[in-house]
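**Q**
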Amino acid sequence: MGALLARAMTGDALLRAWEEVRENAYDDGQPSAAVMAFDSRALVRLSELSQDLASDRYEPKPMTRISIPKPDGGTRALAIGAIEDRIVERALLDVLDPVVDPTLSPWSFVYRRGLGVKDAVRALAEVASRG
């Protein structure tokens, strides 16, 4: 197993990832029943998750598909990962981001922390104003 993957599977890394996943769930309003259930036994579940990852027993769960209404009518289909999968993804991101981000072009705005559509538009407007 690679060193980066091993760092993402530690109990501390998974706990930090869980705290971020939980915080995002509460920031969005009322957290789902799945978040509340995980939260009630978080330390036990994180320990089990760490053991499953370390022993190669971890398998991602199926996505939950939901439809949300669009303001202009119709619906948008979304697929939401299981809590454990979101925790693993966040832990991996926390380890990989500092390694990958410095190698990206300054014009890469997608999936980068602290950058979004407004930043990309601002950068384009600045370049356009310079000709």
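Just so you know, we're using this note's numbering here: the sequence shown kicks off at 209 and counts up by one.
The beta-carbon is built from N, C-alpha and C at its ideal position, and this holds for glycine as well.
Considering just the uninterrupted stretch of the alpha helix (DSSP H) at residue 212, what are its terminal residues?
**A** That run of the alpha helix (DSSP H) goes 211–216.
**Q** Along the chain, where does the beta strand (DSSP E) that runs through residue 275 open and close?
**A** From DSSP, the beta strand (DSSP E) with residue 275 extends over 272–277.
**Q** Cutting at 8 Å between CB atoms, please list the residues of its own chain near residue 299, excluding the five before and the five after it.
**A** Cβ within range, chain order: 216, 217, 221, 222, 224 and 225.
**Q** Of the choices 286, 329 and 314, whose alpha-carbon is the least far from that of residue 278?
**A** For residue 278, the nearest C-alpha among the options comes from 286.
**Q** Since residue 212 contacts residue 307 with CB under 8 Å, what's their CB separation in whole angstroms?
**A** About 7 Å separates the two Cβ atoms, so the contact holds.
**Q** Taking only runs that begin and end inside the stretch 258–333, name each unbroken alpha helix (DSSP H) of 4 or more residues, in chain order.
**A** The qualifying runs are 291–308.
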